[in-house]
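First residue of the sequence shown? That's 58 in our numbering, and the numbers climb one at a time after it.
Don't be surprised by glycine CBs; every beta carbon is placed ideally from N, CA and C.
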Amino acid sequence: MREQEPKHHGTTDVQFCLKVRLESDEEVRKVVLDEKEYGEWEWKEPREILEGNFHPALKYAVGCFLAGEALEELEECERRGGGDEEVAKLTREFLKKKREVQEIGERG
């Protein structure tokens, strides 16, 4: 959770999130963080962040990331001519993740 005041409301007006997919252990080993800025760090699965004691802005970013992935999967299904049943399933999954993001924003 955020240590600086205000603890429950940050001072950021706009949030930009970028994603990078690391597809091998070699790529992961190349990640180097500035020790002056990060005293410690660890890898987390997205669900660990959403279900853990983390700042709402981080949870919101992770939720947006997951909703975006669900939308990309839906778009890919439609592009390749997926059947109605598969499109419906992926649409429900996207809408579920979108709703989760909205709930994070309302609680945040």
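Reference residue i; option with closest CA among the options
i      : options                         : result
CYS74  : LYS87, CYS134, GLU99 and TYR117 : TYR117
GLU60  : GLU130, VAL158 and PHE111       : PHE111
LYS154 : GLU130, GLU80 and VAL89         : GLU130
GLU160 : GLU83, CYS121 and GLU105        : CYS121
ALA124 : LYS93, LEU107, GLY139 and LYS87 : LEU107
Spatial neighbours of residue i in its chain, beta-carbon cut-off 7 angstroms, leaving aside the 5 residues before and after
i      : result
ARG164 : PRO113
LEU128 : PHE151
GLU143 : CYS134
Start-to-end residues for the alpha helix (DSSP H) that takes in residue i
i      : result
GLU105 : 103-108
PRO113 : 113-136
ASP91  : Segment: none, ASP91 is in no alpha helix (DSSP H) and carries neither H nor E.
Contacting residues, own chain, Cβ-Cβ under 6 angstroms from residue i (five flanking each side not counted)
i      : result
PRO103 : VAL119 and LEU123
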